[in-house]
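Chains as they are written, first to last, in our numbering: chain A, 5 to 390; chain B, 5 to 390.
All C-beta atoms in this analysis are idealised placements derived from N, C-alpha and C, irrespective of residue type, glycine included.
Owing to the predicted nature of the structure, the values given are computational and were not obtained by experimental measurement.
See below for the structure under consideration.
Protein chains: 2
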Amino acid sequence: MNSAPESAPARLQTLIGQGVAAIDTPALVVDLDAMERNLQRMADYAKAHGMKLRPHAKMHKSATLGQRQMQAGAVGLCVQKTSEAEALAAAGVHDLYISNEVIAPAKLARVATLARQLAAQGGRLAIAVDSLPGIEHLAQTLGRGENLIDVYIELDVGQKRCGVATPADVVPLAQAIARHPALRLAGLQAYNGRAQHLRTVAERHAALAEVVRLVQETRRLVEAVGLKLPLVTGAGSGTFGLEATSGVFGELQAGSYLFMDGDYARNEADPAQPVFEHALFVKTQVMSASAGHVVVDAGHKSHAIDSGLPRVHGEALEATGCSDEHTTLRATGGAPLPALGSTLWLIPGHCDPTVNLHDWMIGVRGGLQAGTVEELIRVDTRGCLD
Amino acid sequence: MNSAPESAPARLQTLIGQGVAAIDTPALVVDLDAMERNLQRMADYAKAHGMKLRPHAKMHKSATLGQRQMQAGAVGLCVQKTSEAEALAAAGVHDLYISNEVIAPAKLARVATLARQLAAQGGRLAIAVDSLPGIEHLAQTLGRGENLIDVYIELDVGQKRCGVATPADVVPLAQAIARHPALRLAGLQAYNGRAQHLRTVAERHAALAEVVRLVQETRRLVEAVGLKLPLVTGAGSGTFGLEATSGVFGELQAGSYLFMDGDYARNEADPAQPVFEHALFVKTQVMSASAGHVVVDAGHKSHAIDSGLPRVHGEALEATGCSDEHTTLRATGGAPLPALGSTLWLIPGHCDPTVNLHDWMIGVRGGLQAGTVEELIRVDTRGCLD
């Protein structure tokens, strides 16, 4: 749970209206112009392809940014955790999908409370399931009432993580959901996380062809027992162009497109998808300079390295190592090393866990060189693990 | 900076006095009995070897735990960041060493303020330097006054990160410090982080032999210009037995010994060092079960994976993958997989960045199976990056 206060510390508040030079390091900075272009590009793309867009808020973890996505046309937001849903609901987002399984009785009770609360506000809660016990416990916890929550059955479409293993396994779960008046069988959760980072377009196309085949097979089997899967939801920033044109998906869950990160940037660009710009940076400073390398004051407590070391924006420098509070850089192509005290901008390898390391994002208008701090964006669901 | 409230959320406070079963997942849990044994073993070891002990609080990030280390004999605490020092000082720790370089003028101003504040409280602030500009800016910012801060010169003794490159480079820095009345030349920072995780005892001995040679050479060169290095400080949980018996080190900075993690546990045990027990765990639950694997509800937003995937405590299970909110486990040696809903205890690969992901640690007395929640330990410096 995130117990941080609603207002930013004074040291951050004084930055509003100041130039980027006033931002002390390390700090998580959003290039608002680039972010807004990304936001609009995806909204336009979804609209043009007749797709619902439900961006994943596990990435930006911000009610403010989620609401801007919804103002541009998104139908609601995805989250992974009950506590994320609670925090975003408290901040005014009323259409939320926990695209993940919840098993613990204590958390199911919170899910039930939130489902009734959102329904009373004219909103909606949805959740994913992949087991009969999960469905039965959810229904028992919700108790009496009709159509209180949307339930998506998760099918493993190549991620080898959660989800039932085969299309045939979806059928008994669909039948179980249909038996409970409190539950609405909303459709199929079909997300292949591994496919997002396959580097070539050809590999991603091949992976998605299999996803589409599995979804079609599932739909056929479920319809054969007289039920329907109203919506198939999934997709990430690496493949959404394939889901959007598949003919079987109805909703896109991509999240990273808003900020883009080093890992997604390593993908071969798919001409069928719009291009997104890096909009998330860690401002850092050279704190130690040696003959062959420099060290900056941001380590992996500032930017996640699960998907690779950060890139250095606009500089002939590469990261050669990273520890808790330091990243070591060396020059590439014979370029000179930056001087002690220099400002550098890191592009994190992975935006989702990077955002989760910070309480506030600093929104800059007018670029990283000459821009001005325009707003502070609270990471509303930072640390929302349960 | 950490802006979390001083008191824990109600959902955590109600855990006090309850059995471990009441802890919802994922949660960061400290086995208090194991932690206290580790704490005492290191305190006894340092005392027996005539060494000062200044544990690194970048690991536990807790004023409470730091004060317990000091009650057992530690002379103070190390931190890496100005904001960590500020937070621990505010929580009542008055002998602090920022074992890292600070370059930004805004942060140096905070360092100066804190140095004067701690001195006025009968305490002491220390800092590391590795450049002449760093020393000059520190002295200018401190302004008039005598002996306001302890300054350690960092020598690169094999880490290839911060620190001057050679023993000869220490001399002009020592002379510069000696010229400023506000600065006290306190000694040498000589920490080899790489040596901590060399797997064999022989490799660690070889690395430390070189560290000791460099320190001796440095001391000789500094004394040749009529100055002294009163204290050599360094060491981590992988090598401290070597620094303690080196004849040149006077202070140990080890931190991880208190909790131990998966990475340190992979080291070949050095018979010259006491044995430490795992005391930090992520309680997690099986949220999805398939034929060949299970998925638990803690991913790398719950436990850091920069030093490897977590181990599963007391189970024939191994982690095969980890994403933001999930860790995938498979059985080893033909053991059965745990059932959906089962509780498991992960031993994080790296304790420092794992603690930094959480606002509170849940202290359990009486073991992980039948124990009781005794206290909540605030992560006072979580998110203290600047």
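Collapsed DSSP secondary structure at residue i in the structure displayed
i, result
"residue 114(B)", "helix"
"residue 257(B)", "coil"
"residue 294(A)", "coil"
"residue 19(A)", "coil"
"residue 71(A)", "helix"
"residue 141(B)", "helix"
"residue 1(A)", "Given that chain A is displayed from residue 5 to residue 390, the structure contains no residue 1(A) and the question cannot be resolved."
"residue 154(B)", "strand"
"residue 365(A)", "strand"
"residue 344(A)", "coil"
"residue 356(B)", "helix"
"residue 193(B)", "strand"
"residue 51(B)", "helix"
"residue 378(A)", "strand"
"residue 389(A)", "coil"
"residue 64(A)", "helix"
"residue 35(A)", "strand"
"residue 161(B)", "coil"
"residue 40(A)", "helix"
"residue 309(B)", "coil"
"residue 172(B)", "helix"
"residue 203(B)", "coil"
"residue 182(A)", "helix"
"residue 321(B)", "strand"
Outcome for residue i when other beta-carbon atoms lying within 10 angstroms are tallied against a minimum of 16
i, result
"residue 277(B)", "buried"
"residue 245(A)", "buried"
"residue 151(B)", "exposed"
"residue 111(B)", "buried"
"residue 373(A)", "exposed"
"residue 17(B)", "exposed"
"residue 352(A)", "buried"
"residue 163(A)", "buried"
"residue 203(B)", "exposed"
"residue 87(B)", "buried"
"residue 11(B)", "exposed"
"residue 232(B)", "exposed"
"residue 229(B)", "exposed"
"residue 329(A)", "buried"
"residue 272(A)", "exposed"
"residue 303(A)", "buried"
"residue 237(B)", "buried"
"residue 147(A)", "exposed"
"residue 75(A)", "exposed"
Supposed contact pair residue j and residue i - C-beta distance, whole angstroms, cut 8 angstroms
i, j, result
"residue 226(B)", "residue 178(B)", "5 angstroms"
"residue 399(B)", "residue 158(B)", "Residue 399(B) cannot be examined here, being either before or after the span of chain B that is shown, 5 to 390."
"residue 66(B)", "residue 84(B)", "The Cβ separation is near 15 angstroms, so there is no contact."
"residue 161(A)", "residue 367(A)", "Not a contact, Cβ separation roughly 36 angstroms."
"residue 362(A)", "residue 386(A)", "7 angstroms"
"residue 143(A)", "residue 184(A)", "4 angstroms"
"residue 317(B)", "residue 354(B)", "No, residue 317(B) and residue 354(B) are not in contact; Cβ-Cβ is about 16 angstroms, not under 8 angstroms."
"residue 205(A)", "residue 274(A)", "5 angstroms"
"residue 257(B)", "residue 58(B)", "6 angstroms"
"residue 46(B)", "residue 261(B)", "5 angstroms"
Proximity test, residue i beta-carbon vs the ligand FAD heavy atom, cut-off 8 angstroms
i, result
"residue 217(B)", "The ligand FAD is not part of this structure, which contains no ligands at all."
Interface flag, residue i vs chain C, CB-CB below 9 angstroms
i, result
"residue 177(A)", "Here chain C cannot be found, since the structure's protein chains are A and B."
Near-chain A residues of the stretch 79–105 of chain B (beta-carbon distance less than 8 angstroms), N- to C-terminal order: 84, 85, 104, 105
Contact set between the stretch 49–64 of chain A and chain B, restricted to residues whose Cβ is under 7 angstroms from the partner: 62
Near-chain A residues of the stretch 105–137 of chain B (beta-carbon distance less than 8 angstroms), N- to C-terminal order: 105, 106, 107, 108, 110, 111, 134, 135, 137
Interface residues of the stretch 66–77 of chain B facing chain A [CB-CB below 8 angstroms]: none
Interface residues of the stretch 273–302 of chain B facing chain A [CB-CB below 8 angstroms]: 289, 290, 291, 292, 293, 294, 295, 297, 299, 301, 302
Interfacial residues, the stretch 234–263 of chain B to chain A, with Cβ spacing under 8 angstroms: none
Residues of the stretch 360–379 of chain B with Cβ closer than 8 angstroms to any Cβ of chain A, in chain order: 360, 361, 362, 363
Contacting positions in the stretch 305–327 of chain B - beta carbon closer than 8 angstroms to chain A: 305, 306, 308, 309, 310, 325, 326, 327
Secondary structure, alpha helix (DSSP H): runs of 4+ residues fully inside the stretch 206–293 of chain A: 244–248, 266–269
Within 7 angstroms of chain A by C-beta, residues of the stretch 326–350 of chain B in sequence order: 327, 328, 329, 330, 332, 344, 345
Selection of the stretch 17–41 of chain B by Cβ proximity to chain A, strictly under 8 angstroms: 28, 29, 30, 31
Length at least 3, wholly inside the stretch 75–130 of chain A: the beta strand (DSSP E) runs in chain order: 81–83, 99–102
Members of the stretch 175–204 of chain B near chain A, C-beta cut-off 8 angstroms: 197
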